[in-house]
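Protein chains in written order, with the working numbering: chain A, 8 to 158; chain B, 377 to 501. Inspection log for the structure reproduced underneath, given as structure tokens.
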């Protein structure tokens with residue numbers, strides 16, 4: 008029987024649990040399922056990106072196959088809400104459906120905005136299945152350069 | 377521990393992956409196959425559809441996300457391009473494949489060859 012040191016680094020039980028947790032997390036992050044990350048199903052809450060620029064925030068949201076009038080964007084009390092409904096496919100009774108991964112129904116996403124956002128100047132466009140919302144910052148919140156005065 | 381986890385997550389996101397678009401495949405009563413693929417962000421220019429004797433290959437590149445000069449606060453959309461391959465059998469007419477891209481959804485109509493279409497045979501009395 009080999010002697011094992013009392014606190015062998017390779018046998019650190021905490022590390023083993025770390026490893027186990029990583030394995031389990033990787034399982035849920037399986038990237039081959041389209042648009043599903045982790046446990047959150049992207050059907051009821053579509054995936055978004057929020058990018059902060061020096062003068063504005065940009066929110067981009069994947070919403071393929073939705074007509075523009077079915078998208079409802081509102082800002083109330085510093086909370087941006089993207090709501091809408093996706094219409095399903097019209098399938099006649101005689102058609103055979105082989106595979107259906109698309110979904111239909113309503114979706115909603117809410118993002119709380121920082122107070123620097125100027126809610127009156129928000130601009131939204133929908134192109135190629137991607138919703139893009141531009142949220143400019145208020146003038147006073149933009150970074151200002153301060154010049155040093157020499158004597 | 378927490379930062380390690382975050383770094384790993386970031387690394388996974390930066391990796392360009394081939395995303396399999398969500399699909400909807402149905403056969404219409406007249407035998408034509410309708411394929412709908414959800415490819416948000418893909419423009420007509422970034423879309424490539426190839427067909428040969430056995431396969432139908434669809435790839436859709438989407439423009440790089442405009443994060444230049446900014447930093448991500450939330451990042452959930454997958455990076456990379458859409459890719460899907462379908463195997464076609466002999467009953468599909470290769471010359472007659474219609475493709476329409478609208479609002480990030482690609483609709484392909486694969487027509488059956490005329491000789492393969494289901495037809496009703498009238499019984500003569």
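Don't be surprised by glycine CBs; every beta carbon is placed ideally from N, CA and C. Values in this document were obtained by computation on a predicted structure and should not be read as measured data.
Could you please tell me which residues of the stretch 130-155 of chain A, in chain order, have their CB closer than 7 Å to any CB of chain B?
135, 136, 137
Taking beta-carbon pairs under 7 Å, can you tell me which members of the stretch 466-499 of chain B lie near chain A?
479, 480, 481
What's the C-alpha gap between residue 80/A and residue 409/B?
Sequence index remark: in the first chain, residue 80/A carries index 73 (1-based). Sequence index remark: in the second chain, residue 409/B carries index 33 (1-based). For residue 80/A and residue 409/B, the distance between alpha carbons rounds to 36 Å.
On a CA-only basis, which of 424/B, 379/B, 403/B is nearest residue 477/B? Give me that one, please.
Taking the first residue of the second chain as position 1, residue 477/B is located at position 101. It is 424/B whose Cα lies nearest to the Cα of residue 477/B.
Looking at C-alpha atoms only, which residue of 62/A, 87/A, 75/A, 26/A is the closest neighbour of residue 94/A?
On the first chain, residue 94/A is found 87 positions in, with the first residue counted as 1. If we check each option's Cα against that of residue 94/A, 75/A comes out closest.
Spatial distance of residue 438/B from residue 137/A (CA atoms):
On the second chain, residue 438/B is found 62 positions in, with the first residue counted as 1. On the first chain, residue 137/A is found 130 positions in, with the first residue counted as 1. Looking at the two C-alpha atoms, the distance is approximately 11 Å.
Do residue 465/B and residue 488/B have their C-beta atoms closer together than 8 Å?
Here the question's residue 465/B lines up with position 89 in the second chain. Here the question's residue 488/B lines up with position 112 in the second chain. No. Outside cutoff.
Counting only the same chain and skipping the five closest in sequence on each side, list residues whose C-beta sits under 7 Å from that of residue 122/A.
Here the question's residue 122/A lines up with position 115 in the first chain. Closer than 7 Å at the Cβ level, and outside the excluded window around residue 122/A, lie 85.
Beta-bridge partners of residue 123/A, as assigned by DSSP
Working through the first chain from its first residue, we reach residue 123/A at position 116. The partner list for residue 123/A (beta bridge, DSSP) is empty, contrary to what the question assumes.
Residue 129/A - DSSP class collapsed to helix/strand/coil
Locating residue 129/A in the first chain gives position 122, counting from the first residue. Residue state, collapsed to three classes: coil.
Let me check understanding here. Comparing Cα to Cα, which of 154/A, 155/A, 158/A, 145/A lies closest to residue 60/A?
Translated into the one-based positions of the first chain, residue 60/A becomes position 53. The candidate whose alpha carbon is nearest that of residue 60/A is 145/A.
Quick check on residue 427/B: does DSSP put it in helix, strand or coil?
Counting from one through the second chain, the residue named residue 427/B turns up at place 51. If DSSP states are grouped into helix, strand and coil, residue 427/B belongs with the strands.
What's the call for residue 109/A, buried or exposed, on a 16-neighbour Cβ count within 10 Å?
For the purposes of this step, residue 109/A is identified with residue 102 of the first chain, where counting begins at 1. With 16 or more other Cβ atoms within 10 Å, it is buried.
For a contact defined as C-beta to C-beta under 8 Å, what are the partners of residue 449/B on chain A?
Here residue 449/B refers to the residue found at position 73 of the second chain. In chain order: 57, 58, 59, 64.
Classify residue 460/B as buried or exposed, calling it buried when 16 or more other Cβ atoms lie within 10 Å of its own Cβ.
Here the question's residue 460/B lines up with position 84 in the second chain. With 16 or more other Cβ atoms within 10 Å, it is buried.
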